[in-house]
Each structure stands twice: as C-alpha cells, then as structure tokens.
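A.B. asks: Pasting in a structure now, in structure tokens, and then I'll have a few things to ask.
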Amino acid sequence: MQPTPEQSPHHAYPDHWEADVVLRDGGTARIRPITTDDAERLVSFYEQVSDESKYYRFFAPYPRLSAKDVHRFTHHDYVDRVGLAVTIGGEFIATVRYDRIDATGRPASAPADEAEVAFLVQDAHQGRGVASALLEHIAAVARERGIRRFAAEVLPANNKMIKVFRDAGYTQQRSFEDGAVHLTLDLEPTAESLAVQRAREQRAEARSVQRLIAPGSVAVVGTGRNPGGVGRTVLRNLLAAGFTGRTYAVNSAFAADQATIDGVPAHRSIGEISEPVDLAVVAVPADRVPEAVTDCGEHGVQGLVVLSAGYAEWGAEGRERQRELVRQARSYGMRIIGPNAFGLINNSDAVRLNASLAPESPAPGRIGLFTQSGAIGIALLSGLYRRGAGLSTFISAGNRADISGNDFLQYWYEDPDTDVALLYLESLGNPRKFTRLARRTAAVKPVVVVKGARHSGSTPPGHAVPVSRIPDATVSALMRQAGVIRVDTVTEMVDAGLLLADQPLPEGPRVAILGNSESLGLLTYDACLAEGLRPRPPRDLTTAATPQDFRDALAEALADRNCDAVVVTAIPWVGENGEAESGDGEVLAAALRTAAATGPAKPVAVVHVEIGGLAEALAAATSTAAVPRVVRVSAPAAPDASAAPADRAVPPTAQAAPGDQLTQQRSDTGPGDTPAVPTLGRIPAYPAAERAVRALAEAVKYAQWRRQAAVPGKVPEFLDDTIDEAGAAARIDALLGPDPDPRGRPLSHDEACELLGRYGITVRPTLPAPDPDAAVAAAARLGYPVALKTTAPHLRHRADLGGVRLDVANETALRRAYGELTDLLGKPTELQPVVQSMAPRGVDTVVRATIDPAAGAVLSFGLAGAPSELLGDTAHRLVPATDRDAAELIRSIRAAPVLFGWRGSAPVDTAALEELLLRVSRLVDDHPEVVSVALEPVVVATQGLTVLGASVRLAPPPARTDLGPRRLPNY
6 MQPTPEQSPH HAYPDHWEAD VVLRDGGTAR IRPITTDDAE RLVSFYEQVS
56 DESKYYRFFA PYPRLSAKDV HRFTHHDYVD RVGLAVTIGG EFIATVRYDR
106 IDATGRPASA PADEAEVAFL VQDAHQGRGV ASALLEHIAA VARERGIRRF
156 AAEVLPANNK MIKVFRDAGY TQQRSFEDGA VHLTLDLEPT AESLAVQRAR
206 EQRAEARSVQ RLIAPGSVAV VGTGRNPGGV GRTVLRNLLA AGFTGRTYAV
256 NSAFAADQAT IDGVPAHRSI GEISEPVDLA VVAVPADRVP EAVTDCGEHG
306 VQGLVVLSAG YAEWGAEGRE RQRELVRQAR SYGMRIIGPN AFGLINNSDA
356 VRLNASLAPE SPAPGRIGLF TQSGAIGIAL LSGLYRRGAG LSTFISAGNR
406 ADISGNDFLQ YWYEDPDTDV ALLYLESLGN PRKFTRLARR TAAVKPVVVV
456 KGARHSGSTP PGHAVPVSRI PDATVSALMR QAGVIRVDTV TEMVDAGLLL
506 ADQPLPEGPR VAILGNSESL GLLTYDACLA EGLRPRPPRD LTTAATPQDF
556 RDALAEALAD RNCDAVVVTA IPWVGENGEA ESGDGEVLAA ALRTAAATGP
606 AKPVAVVHVE IGGLAEALAA ATSTAAVPRV VRVSAPAAPD ASAAPADRAV
656 PPTAQAAPGD QLTQQRSDTG PGDTPAVPTL GRIPAYPAAE RAVRALAEAV
706 KYAQWRRQAA VPGKVPEFLD DTIDEAGAAA RIDALLGPDP DPRGRPLSHD
756 EACELLGRYG ITVRPTLPAP DPDAAVAAAA RLGYPVALKT TAPHLRHRAD
806 LGGVRLDVAN ETALRRAYGE LTDLLGKPTE LQPVVQSMAP RGVDTVVRAT
856 IDPAAGAVLS FGLAGAPSEL LGDTAHRLVP ATDRDAAELI RSIRAAPVLF
906 GWRGSAPVDT AALEELLLRV SRLVDDHPEV VSVALEPVVV ATQGLTVLGA
956 SVRLAPPPAR TDLGPRRLPN Y
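The number in our numbering is simply the position in the sequence shown, starting from 1, with 5 added.
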C-alpha cells in the first residue's frame with residue numbers, strides 16, 4: 006500500500022509500520038497505516054459495526070460516516086495524526102487513531118508529547134485480541150514520533166475497552182470526568198508491559214500451532230486419481246493412523262460424479278465441501294499453489310501444510326514465489342508449515358493425525374520432534390521407531406517460511422503431552438527470540454537441539470536468516486546459558502531424548518556401574534570420567550549372573566544414597582551348560598524394569614552387547630503417561646559444585662525462595678499428590694558405553710542448570726551508586742554527533758577511558774613516548790617501575806614478539822629498553838611506544854563485549870594470550886549478565902583453575918573480576934550504541950585488578966526487534 010499525491014509530502018508512507026500478527030485465537034491479520042485509498046474499505050467496515058460499538062466509539066448514535074468523517078479518518082500526516090487498520094483478506098476488521106494534543110486537549114504538533122487515542126473493532130472480531138495487538142503497535146508508532154502519553158475517554162459501560170487499557174501493563178492513571186472514564190497511559194515500556202506482551206505472544210502462537218496440529222477436519226488438496234503420488238500417500242497415511250476428524254480428498258481433475266476415493270469424500274475444490282475445513286495439506290505443483298491457497302482462504306481454512314517444492318530452494322525466482330505464498334496465506338489469516346515440507350504427526354489419542362509422507366509412524370509417547378529437513382526427519386522417525394521411542398508430535402517444516410521452531414517451542418511449553426522437545430535446526434530466523442523461548446521452555450522440560458549448517462556460508466538456500474558474526478562455539482555457549490542441551494549429531498539427540506523422556510533427572514553426577522562384564526564396566530567407567538561424571542568402581546556380577554542377580558544389584562544401587570544414576574552393562578551370560586545365552590533379553594529386561602519401578606526414582610541406562618530382544622523389551626512401556634517428577638528447589642550452589650542436588654520441573658508460575666521445598670508433578674498427577682514411579686516404564690538401551698554415558702552427562706548438566714535457574718541471579722544494587730548512566734548517554738551522543746556514520750567510529754584512548762570511567766571502570770594511565778626523552782619524562786610523571794610497550798596494531802597484545810618491556814626500574818634501564826625495542830621492531834613512528842606504570846602481579850585476562858546483529862549483546866571472558874586465541878578457550882554469556890552469569894563465566898573456561906590457586910599459586914580476586922564483568926555488561930545493555938568493548942589485558946591480582954588496555958567502538962544502535970510490538974517475521 007503506497008500513499009497517493011494527496012498524502013503529506015513531508016512524511017513518506019511508513020512501510021516499516023506494516024506487520025503481520027497472530028491473534029489470540031491463532032489466526033493471523035495484517036496491521037498497516039491507513040491511506041487515502043482506504044475510503045471505501047473504511048465505509049464498508051463501519052457498516053458492519055453494531056450500533057452499540059458505534060455508540061461506545063462516538064458517545065452518541067452515529068449510524069454512518071459522513072464524507073467529512075471519511076476524509077478525516079483516511080488523511081494522516083503520519084506524525085501528529087496517525088491511523089492504523091487491521092485487515093484480513095484485504096478488508097478492515099479494526100482501526101485505531103491517535104491525534105497529538107496539547108495540555109488543553111486541542112490539536113498540536115511537536116514538542117507536545119501527548120495524544121488522544123481511540124479504537125473501533127468489528128463485533129465479529131471482538132474477543133480475538135485485536136485491540137490489544139493494535140495498542141502495542143500504535144504505542145510503538147507514537148514513541149517513534151515523540152509521543153510519551155496516550156489519553157483516552159471511555160464510557161463506563163465499555164468494559165472491554167477499559168480492560169484492554171488496564172491489562173496492557175503500562176503505567177496509567179484513571180479518573181471519572183463528565184460521565185466518562187478518563188485514562189492516561191505512560192507509553193514507556195515497563196517490565197509488566199513487556200511480560201504482558203510476551204505472555205500474549207505465547208498464547209497466540211501456541212494456539213496457531215494447535216490449530217494446525219489438532220484439526221477437526223483435513224483436506225488433501227492434490228489427491229491423485231491413481232495410487233501413488235504425494236497427495237495419495239498423505240491420504241493413505243491419514244487413514245492408516247485413524248484420524249479422528251473428517252477427511253476430504255480434493256482434486257480439480259476429479260470427475261463431476263466421483264463421490265469418494267479410498268472411502269473418503271472426493272471434491273473438486275474446497276468450496277464444494279459443505280462443512281468447515283480446518284487444515285489443508287497442499288500437494289500440487291508450485292504454479293498451482295496460489296489457486297489452491299485462494300480456494301482455502303475464501304472458504305475459512307485455518308492452516309496449510311504445503312508439501313510442494315519449487316520455492317526458495319530453487320533460487321531468486323523461487324524465493325519471490327515463497328514470499329508471495331506467505332503474503333497470500335496470511336492475508337486470509339492462515340499460517341503455513343512449509344513449503345517443501347515433509348508433513349506433521351500428532352499421536353494424541355484424541356487426534357491421531359499423520360499428515361505426512363512418513364512410511365513408519367512411531368508409537369505415541371512423550372517426545373516432540375521438530376526438523377527443518379525432510380531427509381533428517383525420515384531418518385529420525387525411523388531411528389525412533391526402531392528403538393521403540395514414542396512421539397507426541399512431529400513436524401518437518403521444510404523451508405519454514407512461516408511456522409518455525411520458535412512457534413513449536415511456544416506450543417510445547419504448555420503441551421501436557423510433551424515432556425521433551427527435540428529440534429533439528431539448520432538456521433535460526435530469530436536467534437534472540439529462540440534463546441528467550443528456549444530458556445523459558447527449558448525451565449519446565451528439556452530442549453535438545455542439533456544445529457546443522459553450522460559453518461559460515463552453508464545456510465540452506467530455502468532459509469532466510471539474519472547475518473551473524475559470532476562463531477558456532479559462541480552460539481553453543483549461549484544455547485547452554487539458556488538451558489538448551491546442544492548436541493552434535495542426530496544420534497546423540499535421540500540418545501539424550503530417550504533418557505530424558507523416560508527417566509527422572511539425576512540429582513548429581515555420582516554414577517553406579519554394574520554388569521556381568523568387567524571390561525564393559527571399565528569402558529563405562531572411563532567414559533564417565535571423560536564426561537565429567539563421578540563414577541563409582543564398577544561392580545562385576547560375573548558372566549554367570551542371572552536376571553535375578555541383575556535385579557538385586559540394581560535395586561541395591563538405586564537404594565544407595567551415594568548414587569544418583571545407574572548404568573547397567575550386559576553381555577550374553579553363561580548358562581549352566583557353559584554356553585553363552587543371548588536370547589533371554591526379555592527376561593533380563595523384565596528384571597531390570599521391575600527393579601527400577603520399585604526403587605527410588607533415579608535414572609537407569611543399559612549398555613548391552615548382542616543380547617537379542619533386550620532393547621525392544623526395555624522400550625516396551627505399559628503406559629505412555631508422563632514420568633512424574635519431584636522438584637527440590639533450594640538455594641543455588643556455587644557454579645562449580647557439580648554434586649549438589651538437582652531440581653525437577655518447576656512450573657512457569659512457581660516462585661521459590663531459597664530453601665523452599667516444592668513438590669510438583671507432571672501431567673498426570675495433581676498438586677499435593679505424592680507421585681509414584683510408573684510401573685514398568687521404558688529404560689533406554691544403548692549399543693555403546695560412550696553413547697549411554699554422554700546422554701547421562703547431558704541430563705546431569707541440564708539438571709544442574711535447572712537447579713540454578715530456579716533461583717535466578719540478579720544485578721547487584723551497589724553498581725548503581727558508581728554508574729553515571731545519564732552522563733555516559735550524553736557523552737555518547739556528543740561523540741556520535743547529530744549525523745553519525747552508520748559504520749560507527751572507534752574511540753581514542755582518552756575517549757574510551759572517559760566513557761568507561763563513568764561506569765566505574767578505571768584504565769591504568771598510559772603516556773605516549775615518541776622518543777627516549779619523552780619516555781623518561783613519562784616515567785618520571787608516573788613513577789618507577791614502569792612498562793614500555795608498543796601500541797601499533799600489528800604488535801598490540803603480542804608480548805611474544807618482544808614489543809613489551811616490564812619492570813623498568815630507572816632512567817638508564819628505560820633508555821636501554823627503548824633502544825632495544827626500536828632496534829628490534831622498527832622506528833618509533835611505526836611502533837607508537839607508550840609508558841605505563843607497573844601493575845601488581847597477577848593473571849592476565851581478557852574481557853570483551855560485542856553486539857551481534859542476530860544474537861544481540863554478548864559478554865566474553867578468557868585468559869589473555871594462547872588459551873583464548875589459539876585454543877578458543879573463551880566463555881560467553883548474553884547481556885544483561887547477572888551475578889550468577891558473571892560467576893559462571895570465569896569458572897566455565899578450561900583454564901579456570903589458574904584463577905583459583907592452580908599448583909599452589911595464590912588464588913586471585915575473582916570477586917573483583919566478576920564486578921568488572923557486570924560493569925561491562927551494564928554499559929552495553931544501557932547504551933546499545935556501544936557496539937564493542939575490549940579490555941585487554943586485565944591483570945587480576947590476589948587483591949583487586951588492573952585494566953591495562955581498552956578499546957571501545959560506537960555506532961548507531963541496531964534495531965531491537967525483540968523489544969518492539971509483536972509481529973511475525975517477514976521473509
């Protein structure tokens with residue numbers, strides 16, 4: 006939609022205000038500015054509004070709009086007068102308008118910062134969250150135009166509109182004047198308004214997925230007339246799964262008199278179907294998809310699964326075809342899985358939906374699986390099927406032009422049928438949102454991720470993703486900060502998923518090992534040590550052990566208070582005749598499952614070698630109910646206290662203070678009940694010790710994260726007393742200037758030191774030394790001993806090249822050092838020498854913060870030199886960092902023992918280091934214009950620390966889409 010010449014020439018049409026949004030019921034709508042072309046749409050819209058709604062809007066009977074009204078409501082300058090409309094199918098369903106006013110309530114222009122706002126929603130669309138979404142967007146527009154407050158007059162009987170304002174979370178004032186409720190809203194976002202916005206986003210997006218995953222009726226568009234083909238295969242799978250809803254076959258080539266196909270009603274179009282269709286599976290060539298989408302949209306279909314290929318994976322033309330597909334579907338309020346999708350499965354007994362090409366549908370279970378690759382999806386389904394694992398839902402999103410992994414995290418977060426979320430991702434369309442959603446979901450159920458296409462330049466051609474400069478190792482660290490279990494292969498994902506879905510979380514890293522093979526037990530012991538677990542010496546039951554011996558040993562291990570998990574190793578045992586028996590796997594499985602069911606709730610994994618039927622028997626559960634969990638929430642342990650008890654699933658609404666004890670059950674138990682271990686549940690079996698132990702180690706680390714996440718960290722209040730946020734903001738504005746370079750600018754040494762000083766970060770002074778005499782004068786000013794070092798870019802922080810002289814005690818030594826430096830490395834003009842007073846001895850470290858366009862602000866820490874540069878031993882956390890993040894950051898690098906008294910050395914002042922990390926985090930969080938900070942080296946002594954070098958870069962702040970109003974991504 007573009008403006009006409011009648012629009013104000015001073016303010017172009019703001020196309021960045023256009024947005025697709027998901028409404029409360031899961032449908033989509035488009036929000037856009039109103040233009041002069043919308044006169045007929047506005048009149049038509051108004052005619053469909055009830056007299057009561059018109060009365061609430063205008064405070065008087067107002068049956069129709071006059072020509073003057075239409076002109077006023079469609080002509081805006083997009084600054085002082087703005088109107089937005091919500092459209093579905095190109096037609097208005099709601100409008101909102103603001104007019105800037107002065108203190109007397111009369112029309113005004115800037116610098117007046119208040120506006121009067123009014124909404125009107127068609128009665129048929131009230132209750133869908135339309136007004137709430139409009140308020141978010143009109144508030145963002147107003148803030149952009151310098152408006153800080155909204156004023157609204159609402160009739161007391163208009164309870165729905167009053168509730169929209171009241172529930173928005175903004176700071177507000179209310180009064181009753183002249184028979185109306187007068188509301189004033191401060192538009193500055195608050196923690197409450199952001200929480201409200203995200204809660205609404207979660208409910209809406211989860212509902213949009215539910216409409217796809219649990220339809221009451223499905224139509225397969227493109228069902229072939231002959232057996233075979235994509236459409237006919239999907240129809241066959243729908244019928245084979247026993248879909249509980251209505252099923253239809255659609256093909257424009259069906260004969261007019263053809264009533265059924267495969268026993269299913271046959272139609273030539275969606276329009277011929279007399280009953281509502283909730284979901285359409287589209288399996289027609291790409292050039293015929295637009296016709297099918299139109300047919301679906303005009304007849305009320307709620308969502309699409311587009312299996313058709315020929316989109317972004319085919320190049321530029323296909324990308325444009327994909328964008329048009331999304332625009333077309335959303336214009337009708339529909340969401341899309343695909344295109345180039347493999348389909349979806351919902352194993353709920355109330356639905357039994359298999360709208361996919363999967364040849365084998367896994368049994369019902371507690372695992373939710375999302376994949377962006379059809380081939381990987383086939384492999385995962387086949388592997389899960391072979392291992393007897395059960396799925397709640399499966400989605401293969403293909404090019405994920407609309408529905409993505411983020412949407413399914415929203416759905417799985419509250420899905421009672423899913424205990425573990427597995428995701429194979431080849432790209433992250435919105436990394437900040439993914440991290441936020443993953444953290445919230447991981448607080449109540451495990452999230453296991455395999456990230457394909459990890460290396461630069463290998464993003465799948467069908468996926469549109471933001472550019473990211475951070476390496477994959479950093480992405481992995483940030484995922485783990487959010488509680489995501491990041492694994493390298495799909496095999497590891499299945500291994501971890503099976504353990505997490507069927508076993509309770511371990512309370513610590515102590516592992517008992519028992520079995521009938523000493524060698525296999527030793528391999529398991531070594532694997533535990535390699536994964537950071539604390540194994541007990543293996544218990545050898547000997548090759549003569551019977552299933553009863555295994556049962557007794559497992560029961561004893563589970564009852565041991567010094568054991569947190571058990572790994573059972575088994576090889577074919579020797580019978581009475583001395584021959585190996587490998588066919589009694591079912592007997593051994595029954596013994597192990599009985600012991601596990603009657604003992605304390607601890608995870609059990611089995612490693613087996615060539616025991617026929619064992620894995621299958623262990624995987625055969627008598628129930629698909631959720632594994633009950635007992636939650637113990639206590640005060641957080643130190644970040645390196647790996648043996649502390651682990652908590653269980655804390656519900657989203659639970660608030661636990663340190664020391665509190667909460668009990669929480671999952672899905673099939675009620676509050677206050679004492680859950681019992683399920684009878685004869687599944688026990689995961691692995692063909693190699695390393696695979697079982699790796700899965701167990703991931704469960705231990707996840708349980709530890711859950712324990713710590715139950716009592717979140719905080720930013721210490723003492724920082725506020727030593728931080729000049731307003732002064733720093735003013736200085737940044739002055740440094741950037743009124744017309745900043747989009748590429749940004751590095752600060753000089755003095756500018757950087759001044760800015761950092763406003764956040765309590767002191768950089769040790771350095772003085773230039775362009776010649777020996779200047780060096781001597783600088784040393785006299787600073788006081789001996791001093792350091793002489795080069796600052797040339799190619800020599801900075803390269804002490805190994807001889808560009809640094811330390812502990813220079815006097816003038817003679819300084820002149821000698823200066824001569825050696827210039828003789829070795831070049832002229833002073835090239836070396837740019839400086840003199841700096843010596844810092845107390847300590848450990849050299851590096852603190853950095855950068856703004857990544859995809860992931861956001863990232864805080865990094867490592868030891869200076871080879872550990873971080875050569876070995877990549879650097880830890881990362883998202884900003885803003887809490888006290889717990891800072892403590893974990895310095896303890897999570899492999900070289901951390903150097904800071905804590907390694908080999909008898911004195912421990913350094915880690916508290917001062919944590920404070921420095923928090924100050925840097927606050928700086929980049931408070932001022933997004935600070936796009937890069939590097940403190941190197943930071944010498945941490947036994948008491949205090951010294952920042953010897955600093956660099957800062959400023960740039961116009963990147964857009965923060967995660968803080969704006971709700972909107973679907975535009976691909």
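For glycine and all other residues, C-beta sits at the position ideal for the given N, C-alpha and C.
Small disclaimer: the values here were computed from a predicted structure and weren't measured.
In the DSSP assignment, what residue or residues form a beta bridge with residue 272?
C.D. replies: 255
A.B. asks: Mind listing, in chain order, the continuous beta strand (DSSP E) runs of no fewer than 3 residues lying wholly within the stretch 886-956?
C.D. replies: 935-945, 950-952
A.B. asks: Tell me whether residue 676 is buried or exposed, calling it buried when 16 or more other Cβ atoms sit within 10 Å of its Cβ.
C.D. replies: Here the model assigns residue 676 a pLDDT of 35, short of 50, so the residue's position is not dependable and the matter cannot be decided.
A.B. asks: Are the Cβ atoms of residue 709 and residue 889 separated by less than 8 angstroms?
C.D. replies: no
A.B. asks: Taking Cβ positions, are residue 563 and residue 573 nearer each other than 8 angstroms?
C.D. replies: no
A.B. asks: Whole-angstrom Cβ separation of residue 430 and residue 450, contact assumed at under 8 angstroms?
C.D. replies: The Cβ separation is near 18 angstroms, so there is no contact.
A.B. asks: Would you mind giving the Cβ-Cβ distance between residue 327 and residue 344, rounded to the nearest angstrom? I have them listed as a contact below 8 angstroms.
C.D. replies: Contact flag correct, Cβ pair sits at about 6 angstroms.
A.B. asks: Can you tell me which of the three DSSP states residue 833 falls into?
C.D. replies: helix
A.B. asks: Spell out the partners DSSP gives residue 691 in its beta bridges.
C.D. replies: 612
A.B. asks: Please determine, among 619, 612, 560, 42, the residue with the shortest C-alpha to C-alpha distance to residue 603.
C.D. replies: Ranking 619, 612, 560, 42 by Cα distance to residue 603 puts 560 first.
A.B. asks: According to the neighbour-count rule (16 or more other Cβ atoms, all chains shown, within 10 Å of its Cβ), is residue 116 buried or exposed?
C.D. replies: exposed
A.B. asks: For residue 135, which of helix, strand or coil comes out of DSSP?
C.D. replies: Here residue 135 carries a helix assignment [DSSP, helix/strand/coil].
A.B. asks: Give me the Cα-Cα distance between residue 628 and residue 394, rounded to the nearest whole angstrom.
C.D. replies: Interpretation of residue 628 is limited by its pLDDT of 49, a score under 50 that renders its predicted location unreliable; no figure is taken from the coordinates.
A.B. asks: Quick one: what's got a C-beta closer than 6 angstroms to residue 17's C-beta in the same chain, skipping five residues either side?
C.D. replies: Closer than 6 angstroms at the Cβ level, and outside the excluded window around residue 17, lies no residue.
A.B. asks: In chain order, what residues of the same chain have a beta carbon less than 6 angstroms from the beta carbon of residue 853, not counting five sequence neighbours either side?
C.D. replies: 865, 939
A.B. asks: Could you check what DSSP says for residue 501 in three-state terms: helix, strand or coil?
C.D. replies: helix
A.B. asks: Suppose you measure from the CA of residue 292 to the CA of residue 487; what does that come to, to the nearest Å?
C.D. replies: 42 angstroms
A.B. asks: Please report the residue range of the alpha helix (DSSP H) in which residue 1 lies.
C.D. replies: Residue 1 cannot be examined here, being either before or after the span of the chain that is shown, 6 to 976.
A.B. asks: Quick check on this structure: which residue in 184, 188, 165, 182 has the alpha carbon closest to the alpha carbon of residue 176?
C.D. replies: 188
A.B. asks: Residues in the same chain with beta-carbon distance under 8 angstroms from residue 921, minus the five sequence neighbours each way, listed in chain order, please.
C.D. replies: The beta carbon of residue 921 sits closer than 8 angstroms to the beta carbons of 766, 852, 940, 943, 950, 952 from its chain, once the five residues preceding and following it are set aside; these are given in chain order.
A.B. asks: In the DSSP output, what is residue 103 paired with across the bridge?
C.D. replies: 87, 122
A.B. asks: Answer with buried or exposed for residue 663, where buried requires no fewer than 16 other C-beta atoms within 10 angstroms of its C-beta.
C.D. replies: Confidence in residue 663 is poor, its pLDDT being 30 and thus under 50, which makes the residue's placement unreliable; the coordinate value appears in the next sentence. Counting Cβ neighbours within 10 Å, residue 663 comes out exposed, since fewer than 16 surround it.
A.B. asks: Kindly list the residues whose CB is nearer than 7 angstroms to the CB of residue 365, restricted to its own chain and excluding five residues on each side of it in sequence; keep chain order.
C.D. replies: Here the set comprises 386, 387, 390.
A.B. asks: Under 6 angstroms Cβ to Cβ from residue 43, same chain only, skipping five residues before and after it: list those, please.
C.D. replies: 79
A.B. asks: Would you check if the stretch 220-236 and the stretch 248-258 touch, i.e. whether three or more CB-CB distances between them fall below 8 angstroms?
C.D. replies: As far as the Cβ criterion goes, the stretch 248-258 touches the stretch 220-236, which means the pair count is three or higher.
A.B. asks: State the DSSP-derived secondary structure class of residue 410, mapped to helix, strand or coil.
C.D. replies: Looking at residue 410 - three-state DSSP - the assignment turns out to be helix.
A.B. asks: Using CA atoms only, rank isn't needed, just tell me which of 849, 787, 761 is closest to residue 773.
C.D. replies: 787
A.B. asks: For residue 508, does the three-state DSSP call read helix, strand or coil?
C.D. replies: coil
A.B. asks: Which stretch, first to last residue, makes up the alpha helix (DSSP H) that contains residue 38?
C.D. replies: That residue, residue 38, is in no alpha helix (DSSP H); its beta strand (DSSP E) goes 33-38.
A.B. asks: Cβ of residue 381 within 8 angstroms of Cβ of residue 495?
C.D. replies: A distance below 8 angstroms separates the beta carbons of residue 381 and residue 495.
A.B. asks: Between the Cα of residue 1 and the Cα atoms of 478, 74, 118, 138, which residue gives the shortest distance?
C.D. replies: Absent from the model: residue 1. The displayed extent of the chain is 6 to 976, so no value can be given.
A.B. asks: Determine, using beta-carbon pairs with one atom in the stretch 49-64 and one in the stretch 351-364, whether at least three such pairs fall under 8 angstroms.
C.D. replies: no
A.B. asks: Here's a check: name, in chain order, each residue in its chain whose Cβ is nearer than 6 angstroms to the Cβ of residue 622, leaving out the five neighbours to either side.
C.D. replies: 590, 591, 594
A.B. asks: Which residue's Cα is closest to the Cα of residue 360: 493, 368, 350?
C.D. replies: 350
A.B. asks: Express the C-alpha separation of residue 859 and residue 76 in angstroms, rounding to a whole number.
C.D. replies: Spanning the two alpha carbons is a distance of roughly 42 angstroms.
A.B. asks: Are there 16 or more other CB atoms within 10 angstroms of the CB of residue 975, so buried, or fewer, so exposed?
C.D. replies: exposed
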